[in-house]
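For what it's worth, this note's numbering labels the leading residue of the sequence shown as 1, then goes sequentially. Here a beta-carbon is modelled for each residue, glycine too, at the ideal position from N, C-alpha and C. If you're wondering where the values come from, they're calculated on a predicted model, not measured in any experiment. Comments concern the structure below.
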Amino acid sequence: MPAPRMRRRDPHRRLGHPTQCPHNPKLYFDGPAEGITLRPPPPPNIAINGDDGRPLVTIHPNGQLEYGPNYTPDEAARRFWDALRHLAPARCPNCGHIGMEAP
């Protein structure tokens, strides 16, 4: 005797009778959407960390600076520019290779 076939349930049906969003077919909601507003997340803080992983300086979205216990301007500046160089390496204006050294 063959094993009974299991029916797959729609994962969205677990919540009752959800309604598909008319603007995004991947979204469903299970209740009135009036009064619900989505806002973008707050802007992130920028932290420049030292060797020990603790922040040397944190820059808050309002421009406030919060200095860590091991803060020195030179160390924070060096770490900032090292990170920027790692994420966006310079390109040679003549041939486009990455890095300013001769290829």
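Which stretch, first to last residue, makes up the beta strand (DSSP E) that contains residue 55?
-> 55–59
Is it the case that the Cβ atoms of residue 50 and residue 56 are separated by a distance below 8 Å?
-> yes
Less than 8 Å separating the beta-carbons of residue 76 and residue 58?
-> no
Whole angstroms is fine: what's the gap from residue 103's alpha carbon to residue 90's?
-> Only weak support is given to the placement of residue 103: the predicted model assigns it a pLDDT of 47, under 50, and the value that follows is read from those uncertain coordinates. Whole-angstrom Cα-Cα distance: 13 Å.
Straight-line gap, residue 87 to residue 38 (C-alpha atoms, nearest Å) | 31 Å
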